[in-house]
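Below: the structure, in structure tokens.
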Amino acid sequence: MASNLFDLNGKTAVITGGNGGIGFGMAVGLAEAGANIVIAARNETKTSESINRLKGMGTECEGIQVEVTEESSVQQMVSKTIDRFGSLDILINNAGIGIRKLPHEYTIKEWNKVVDINLTGAFICSKEVYPHMKENGGGKIINIGSMTSIFGLDWAVAYASSKGGIVQMTKTLAVSWAKDNIQANSILPGWIHTDLTQGLKDNFRDRYDHILTRIPHERWGEPNDLAGTAVFLSSKASNYVTGVSIPVDGGYTSF
Ligand SMILES: NC(=O)c1ccc[n+]([C@@H]2O[C@H](COP(=O)([O-])OP(=O)(O)OC[C@H]3O[C@@H](n4cnc5c(N)ncnc54)[C@H](OP(=O)(O)O)[C@@H]3O)[C@@H](O)[C@H]2O)c1
């Protein structure tokens with residue numbers, strides 16, 4: 205019976221930025237657990253490729269173009285999901301970007317861009333799904349933080365600030381919406397091979413290798429390493445878990 209705790213059949217999950225990297229790794233995990241999947245991102249070519257891969261697994265899925273910083277675009281993402289699947293049970297706020305520069309090199313425009321997508325975008329999506337989840341009797345919100353939710357990083361002032369904000373936003377949503385049976389939690393991925401970190405591997409090999417020496421599992425993570433925790437936080441197995449941030453990092457934060 206324990207496996208039923210993680211069953212997502214009949215549930216619909218929206219994953220922002222789910223057309224690649226960590227988002228797609230989590231989408232595959234949720235699909236394998238039975239969920240219908242909405243991939244919501246900007247690049248339509250990447251999105252249709254990811255949808256084709258999910259369809260190949262037999263998953264009911266839909267690609268929706270969204271710009272997470274625009275309320276009207278997010279409203280359409282929510283209404284299209286409900287029109288297609290009848291409900292929106294799980295939201296994964298995964299869309300994110302980084303701009304690698306030292307704090308004193310940052311322009312305000314760059315700062316705003318990172319914070320708008322990573323933090324404000326997650327807030328807009330959460331705010332827009334709330335009325336529906338409330339009416340539906342509950343829901344799950346999973347926000348994607350980072351190791352920089354915990355640690356400082358010299359070239360990531362806006363990114364780290366946005367990811368620190370994700371942890372506090374998660375706690376506040378959890379406290380505010382517990383009475384509506386909505387659980388809000390964060391996943392803090394460690395160092396994961398994706399497009400976002402490819403430049404680090406290619407151009408800053410000393411950093412890449414230094415990070416590796418600090419990972420007790422002795423390898424960088426892969427997008428599918430996030431799938432299990434995403435399924436747990438999406439399922440009834442986590443119905444009494446809210447407001448927490450779970451590192452999925454091969455032991456990096458414990459070292
Ligand atoms: N890789 C790591 O080591 C690592 C570690 C910790 C946390 N994270 C976090 O994990 C999440 C996924 O990152 P990733 O590493 O998988 O990188 P990624 O492959 O670059 O994924 C980021 C996704 O966000 C989407 N996106 C960006 N801006 C958007 C916007 N304004 N509106 C809608 N979608 C947008 C992108 O799709 P489009 O371009 O099609 O919109 C892309 O699919 C991010 O929040 C990142 O900060 C990554």
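Residue numbers (the working numbering): 205 to 459. C-beta atoms are modelled at their ideal positions from N, C-alpha and C, and glycine is treated no differently.
In this structure, residue 238 lies near residue 212, with their beta-carbon atoms less than 8 Å apart. With distances taken between CA atoms, residue 305 lies nearest to 404 out of 458, 404, 210 and 445. Here residue 315 has 362 as same chain residues with Cβ atoms under 6 Å from its own Cβ, once five neighbours each way along the sequence are excluded.
DSSP, reduced to helix, strand and coil, places residue 266 within a strand of the structure shown. Taking one beta carbon from each stretch, the stretch 407-425 and the stretch 362-375 have fewer than 3 pairs nearer than 8 Å; the two do not touch.
Around the beta carbon of residue 312, fewer than 16 other beta carbons sit within 10 angstroms, so the residue counts as exposed.
Annotated three-state conformation of residue 297 is strand, per DSSP. Closest option to residue 294, judged by alpha-carbon separation, among 374, 234 and 263: 234.
Taking a C-beta distance under 8 Å as the contact criterion, residue 449 and residue 420 do not qualify as a contact pair. Secondary structure remark: continuous beta strand (DSSP E) runs of at least 3 residues inside the stretch 352-405, in chain order: 386-393.
Residue state for residue 220 is assigned as strand, using DSSP reduced to three classes.
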